[in-house]
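The sequence shown: position 53 = 63 (my numbering), numbered continuously.
From the three backbone atoms N, C-alpha and C, an ideal C-beta is built for every residue, glycine too.
What follows is a set of notes on a single structure, which appears directly below.
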Amino acid sequence: MDDCLFCKIIEGTIPSTKVYEDDLVYAFRDIAPQAPVHVLLVPKKHIPGWADVRGESDELLAHLMRTAAVIADQEGLGNGYRIVSNCGDHACQSVHHLHLHILGGQQLTGQMA
Ligand code: AMP
Numbered sequence: 011m012d013d014c015l016f017c018k019i020i021e022g023t024i025p026s027t028k029v030y031e032d033d034l035v036y037a038f039r040d041i042a043p044q045a046p047v048h049v050l051l052v053p054k055k056h057i058p059g060w061a062d063v064r065g066e067s068d069e070l071l072a073h074l075m076r077t078a079a080v081i082a083d084q085e086g087l088g089n090g091y092r093i094v095s096n097c098g099d100h101a102c103q104s105v106h107h108l109h110l111h112i113l114g115g116q117q118l119t120g121q122m123a
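As structure tokens, then:
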């Protein structure tokens with residue numbers, strides 16, 4: 011999609027620090043990390059958010075989740091990590107391209123909101 015920051019990162023027109031890529035997904039380091047490890051994992055296909063996934067393939071959505079675990083292993087997060095995904099205004103989603111935050115590398119707080 012023309013006007014999407016993460017589509018431009020996937021295309022390579024905006025630089026990123028890649029940590030993983032395959033045919034379906036792309037992962038890169040968050041520009042403003044909230045933990046020692048903060049990776050963003052996105053589908054290459056432009057999907058605005060969780061409110062828009064109903065028509066998407068189970069294969070893609072399962073692959074996205076499974077790849078989060080692969081990346082956590084790759085990043086050495088054996089002591090634990092958090093997967094966060096913001097959807098819509100109340101959750102403060104700022105980039106409207108579906109993404110998972112993978113956070114870890116230190117003790118995270120118990121707070122969810
Ligand atoms: P969210 O607020 O859940 O939509 O998350 C968007 C995330 O994208 C934030 O954590 C930002 O720090 C991150 N972000 C914004 N621009 C970039 C960029 N150019 N490269 C990497 N991460 C970015």
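- Under the criterion of beta carbons closer than 8 Å, LEU87 and VAL35 do not qualify as touching, at roughly 18 Å.
- For VAL47, the three-state secondary structure derived from DSSP is strand.
- Judged by pairs of C-beta atoms under 8 Å, the stretch 20-36 touches the stretch 77-85, as three or more such pairs exist.
- Secondary structure at GLU21: helix, using DSSP grouped into helix, strand and coil.
- Of the residues assessed, LEU118 falls on the exposed side of the cut-off, its CB having fewer than 16 other CB atoms within 10 angstroms.
- Taking a contact as a CB-CB distance under 8 Å, the pair ILE57 and LEU108 counts as one, their CB atoms being some 4 Å apart.
- By the criterion of a C-beta distance shorter than 7 Å, MET11 is surrounded in its chain by CYS17 and HIS56, once the five residues flanking it on both sides are discounted.
- Where GLU69 is concerned, the enclosing alpha helix (DSSP H) starts and stops at 68-84.
- Under DSSP, GLY114 forms a beta bridge with VAL47 and TYR91.
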